[in-house]
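Asker: There's a structure below that I have some questions on.
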Amino acid sequence: MRYSTVAFSITACLSLSLTSVAAHALPPSSADNQTSNTQKALLIGVDGMQYEKLQEAIAQNMAPHIGSLKLAKSYIGGIDGTPTEQLTNSGPGWTTILTGSWVDRHQVDANNGALRNQAPSLFEQLKRAAPQRKTTSIVSWGTINDNFAEDIAQGYIDSATKCLDVDQCVADKAGYELEHGESDLVFAHFDEPDLAGHDHGFAPEYQQAIQGVDAQLTDPVSAPTNPGHSGLYGFASQADITPTILKHFGVEPDAAQHSMDGLPLIGALGVRQLTTQVLPATSQVVLTWQGDKPRGEPVHIYRDGQHIASVPNHQGEYIDNDVKDINGNVNYTVEINKVPVSRLVTMQH
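The sequence shown lines up with residues -25 to -1, 1 to 324 when you count with mature numbering (1 follows the signal peptide of the UniProt record, and there is no 0).
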C-alpha cells in the first residue's frame, strides 16, 4: 500500500483457557483480572488487497482461509475536509491501525521510515495497563517498525522483526510465536499483494498473490480456537481496531486521559460519527454525534481532560462557548456508557 491501495486487516481476539500457565503469571495492572492472563489477540494486516478482487478470489476458492472469516468494510483516510484527513498510503494507514488515531495525532503523514509515531500505540497502552503482557510485531514492510521505533526502544514492543518483503518469513515467525511463544499480542503484516499490484496491476499475478498470502495464513488463522466477531457494527474505521483489541484485553479507558479517535466494536456502544467545528467568529466549538436509541444515559463532555458538561444523549450536540482564550491543540472527549471517543481541535484566535 505504498500509494492509494487498500489494506486488509484481520483481528482475531481469543479467549483461551490457559490454566496451566495462569498460575505463574504476574498480577494484572489496570486490566480486568479475569481477562488479564487468558485473553490473546492476533492482528493480521495484508497490504494492498483490493476488496472486490478478494471477493473474486474467495468465490473461486482461491482464498478459503480468509473466506472462512467474517469480512466487513471500514473506511480509511480520516474524515474528509477535517484535520483527520490523511493519505491512503501505508505509513499513515498502518499507524492509524496501531494507534486508534488519525494523522493529526500520530503525525506519520507519508511512507517515510524517519517519521516517528507521536500517539500512544496499541502496544504502549496494553503495556501500561498490564506490564506483564508480551507483544510482538512481525512486518514484511520494515518501515512500520521504523515508525514505531520509540515503542521498541521503550520496551512496549518486546519482539520486533523485519522480514524484508518476504511474506513467508512473516507467516513462519507468526506461526511459531502463536504455537510456541509467550506473546499476548501479535501483529503480523503481509505485503505481497501490494507488491504484485504495483508490478502487474489487477493481472493474474495479483490474484495469485492473494492465493499465496491466503495459503500463508493457514497457521495464523487456524490457531484461534474461539475467534470473537460478535458485536461488530456499522460506521467502523481503521481507527477502531486498537480500541477494540484493548477492550478485548480488559483495558478500561479513562475519559479524562483519553486521546483515541476510534471506538471499540465490542461491548457497550459509545457515540458514533463524532464531528467538531470551530466557529472563530463567535469563539465557539460545536460537537455533534450520533447515538443509539436514548435510554436515559447522559453524555459527558471533556476538554483537555476536564469535565465541562453532561447532556442528554438525544441532544446529539454540544456547543462549547468558553474557548475565546484558548490557542493551540485542544482534545475533546465525548463519553457515554463509559466508552469515550476523542477529537483533536486546533484553536487559532
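Don't be surprised by glycine CBs; every beta carbon is placed ideally from N, CA and C.
Output the distance between the C-alpha atoms of Glu60 and Ala149, rounded to the nearest integer angstrom.
Answerer: For the purposes of this step, residue 60 is taken as the residue at position 85 of the sequence shown. For the purposes of this step, residue 149 is taken as the residue at position 174 of the sequence shown. Roughly 32 Å between the two C-alpha positions.
Asker: Beta strand (DSSP E) containing Lys137: first to last residue?
Answerer: Position 162 of the sequence shown holds residue 137. 134 to 137 is the span of the beta strand (DSSP E), which, as asked, contains Lys137.
Asker: Are the segment 289 to 300 and the segment 236 to 245 touching by the rule of at least three beta carbon pairs closer than 8 Å?
Answerer: Touching, no.
Asker: If you scan the segment 140 to 228 from start to end, which runs of the beta strand (DSSP E) of 3 or more residues do you find wholly inside it?
Answerer: Within the segment 140 to 228, the complete beta strand (DSSP E) runs of at least 3 residues are 160 to 165.
Asker: Is Lys15 helix, strand or coil by DSSP?
Answerer: Residue numbering aside, residue 15 sits at position 40 when the sequence shown is read from its first letter. Lys15: strand per DSSP, three-state reduction.
Asker: Enumerated in chain order, which unbroken segments of the alpha helix (DSSP H) with a length of 4 residues or greater are wholly contained in the segment 87 to 130?
Answerer: Qualifying alpha helix (DSSP H) stretches, in chain order: 97 to 104, 118 to 122, 124 to 128.
Asker: How would you label Ser43, buried or exposed, when you count the other beta carbons within 10 angstroms and need 16 or more for buried?
Answerer: Within the sequence shown, residue 43 is the residue found at index 68, counting from 1. The residue in question, Ser43, is exposed, as its Cβ has fewer than 16 Cβ neighbours within 10 Å.
Asker: Select from Ile220, Gln182, Val320 the residue whose C-alpha is nearest the C-alpha of Gln14.
Answerer: For this step, residue 14 is matched to residue 39 along the sequence shown. It is Ile220.
Asker: Provide the residue(s) that pair with His275 in DSSP beta bridges, ordered along the chain.
Answerer: Within the sequence shown, numbered from 1, the residue matching residue 275 stands at position 300. According to DSSP, which records beta bridges pairwise, His275 is partnered with Ser285, Glu310.
Asker: Verify the CB distance criterion: does Asp279 have a CB-CB separation below 8 Å to chain C?
Answerer: Considering every chain present, this structure includes no chain C. It has just one protein chain.
Asker: On the premise that Leu73 lies in contact with Leu160, defined as a C-beta separation below 8 Å, what is that separation, rounded to the nearest angstrom?
Answerer: Here residue 160 is taken as the residue at index 185 of the sequence shown, counted from 1. Here residue 73 is taken as the residue at index 98 of the sequence shown, counted from 1. Not quite, the Cβ-Cβ distance comes to about 11 Å (not below 8 Å), so this is no contact.
Asker: Would Pro95 and Ser234 qualify as a contact pair, given that the criterion is a beta-carbon distance under 8 Å?
Answerer: Position 120 of the sequence shown, counted from the first residue, corresponds to residue 95. Position 259 of the sequence shown, counted from the first residue, corresponds to residue 234. Cβ atoms of Pro95 and Ser234: closer than 8 Å.
Asker: List the residues that DSSP assigns as beta-bridge partners of Val83.
Answerer: Reading the sequence shown from its first residue, position 108 is the one you call residue 83. According to DSSP, which records beta bridges pairwise, Val83 is partnered with nothing at all.
Asker: Rounded to whole angstroms, what is the Cα-Cα separation between Asp166 and Ala190?
Answerer: Numbered from its first residue, the sequence shown carries residue 166 at position 191. Numbered from its first residue, the sequence shown carries residue 190 at position 215. Looking at the two C-alpha atoms, the distance is approximately 14 Å.
Asker: Using a Cβ-Cβ cut-off of 8 Å (strictly less than) and excluding sequence neighbours within five positions of Ala184, which residues of its own chain qualify?
Answerer: By 1-based counting over the sequence shown, the position of residue 184 is 209. If we look at Ala184 and ignore the five residues flanking it on each side, its Cβ neighbours are Glu167, Pro168, Leu170, Ala171, Gly172.
Asker: When DSSP builds the beta bridges, which residues end up paired with Val316?
Answerer: Stepping through the sequence shown from its first residue, residue 316 is reached at position 341. DSSP lists Val309 as partners of Val316.
Asker: Tell me the rounded alpha-carbon separation between Tyr131 and Phe98.
Answerer: Indexing the sequence shown from 1 puts residue 131 at position 156. Indexing the sequence shown from 1 puts residue 98 at position 123. In a straight line, the C-alpha of Tyr131 is about 5 Å away from that of Phe98.
Asker: Looking at the structure shown, is Trp264 part of a helix, part of a strand, or coil, going by DSSP?
Answerer: Within the sequence shown, the letter at position 289 stands for residue 264. Looking at Trp264 - three-state DSSP - the assignment turns out to be strand.
Asker: Kindly indicate which residue of His223, Val309, Gly187 has the alpha-carbon position closest to the one of Val21.
Answerer: As a working note, residue 21 is residue 46 in the sequence shown. Taking only the C-alpha atoms, the option nearest Val21 is Gly187.
Asker: Can you tell which of Lys28, Gln93, Trp77, Thr257 has its C-alpha closest to the C-alpha of Ile41?
Answerer: In the sequence shown, the residue the question calls residue 41 occupies position 66. Ranking Lys28, Gln93, Trp77, Thr257 by Cα distance to Ile41 puts Lys28 first.
Asker: DSSP three-state label for Pro298, please.
Answerer: Translated into the one-based positions of the sequence shown, residue 298 becomes position 323. Checking the displayed sequence, the identity of residue 298 turns out to be Val instead of Pro. Note: Val298 maps to coil in three-state DSSP.
Asker: Skipping 5 residues on each side, what residues in its chain have a beta carbon closer than 6 Å to that of Gly117?
Answerer: Along the sequence shown, read from residue 1 onward, the residue named residue 117 stands at position 142. Excluding positions up to five away in sequence, the list reads Lys137.
Asker: Who are Glu292's beta bridge partners in DSSP?
Answerer: Indexing the sequence shown from 1 puts residue 292 at position 317. Per DSSP, Thr263.
Asker: Find the nearest neighbour of Leu244 within the set Asp215, Ser134, Ala34, judged by alpha-carbon distance.
Answerer: Indexing the sequence shown from 1 puts residue 244 at position 269. Of Asp215, Ser134, Ala34, the residue nearest in Cα terms is Asp215.
Asker: Expressed to the nearest angstrom, what Euclidean distance is found between the alpha-carbon atoms of Asp84 and Gly66?
Answerer: In the sequence shown, counting from the first residue as 1, residue 84 sits at position 109. In the sequence shown, counting from the first residue as 1, residue 66 sits at position 91. Whole-angstrom Cα-Cα distance: 7 Å.
Asker: For the alpha helix (DSSP H) containing Leu29, name the first residue and the last one.
Answerer: Along the sequence shown, one-based indexing puts residue 29 at 54. Where Leu29 is concerned, the enclosing alpha helix (DSSP H) stretches over 26 to 34.
Asker: From the DSSP output, in three-state form, read off Gly68 for me.
Answerer: Within the sequence shown, numbered from 1, the residue matching residue 68 stands at position 93. Helix.
Asker: Quick one, are the C-beta atoms of Trp230 and Thr308 less than 8 Å apart?
Answerer: By 1-based counting over the sequence shown, the position of residue 230 is 255. By 1-based counting over the sequence shown, the position of residue 308 is 333. The sequence shown places Ala at residue 230, rather than the Trp named in the question. Yes, the Cβ-Cβ distance between Ala230 and Thr308 is below 8 Å.
Asker: Which class does Thr59 belong to by DSSP, given the choice of helix, strand or coil?
Answerer: By one-based count along the sequence shown, residue 59 stands at place 84. Thr59: coil per DSSP, three-state reduction.
Asker: Label Pro273 either buried or exposed according to how many other C-beta atoms from any shown protein chain fall within 10 Å of its C-beta, with 16 as the threshold for buried.
Answerer: By 1-based counting over the sequence shown, the position of residue 273 is 298. Pro273 is exposed by the Cβ-count criterion.
Asker: Measuring only the C-alpha atoms, how far is Asn86 from Gln281?
Answerer: For this step, residue 86 is matched to residue 111 along the sequence shown. For this step, residue 281 is matched to residue 306 along the sequence shown. Each residue's Cα considered, the two are about 36 Å apart.
Asker: On the criterion of 16 or more Cβ atoms from any shown chain inside 10 Å, does Glu157 qualify as buried, or is it exposed?
Answerer: Here residue 157 refers to the residue found at position 182 of the sequence shown. By the 10 Å Cβ count, Glu157 comes out exposed.
Asker: Just how far apart, CA to CA, sit Ile311 and His275?
Answerer: Numbered from 1 along the sequence shown, position 336 holds the residue referred to as residue 311. Numbered from 1 along the sequence shown, position 300 holds the residue referred to as residue 275. Distance between the alpha carbons of Ile311 and His275: 6 Å.
Asker: Would you kindly work out how many angstroms separate the C-alpha atoms of Leu46 and Gln93, rounded to a whole number?
Answerer: To locate residue 46, count along the sequence shown from 1; it is residue 71. To locate residue 93, count along the sequence shown from 1; it is residue 118. Looking at the two C-alpha atoms, the distance is approximately 30 Å.
Asker: Assign Gln252 to buried or exposed, taking buried as 16 or more other Cβ atoms, counted over all protein chains shown, within 10 Å of its Cβ.
Answerer: Reading the sequence shown from its first residue, position 277 is the one you call residue 252. So Gln252 counts as exposed.
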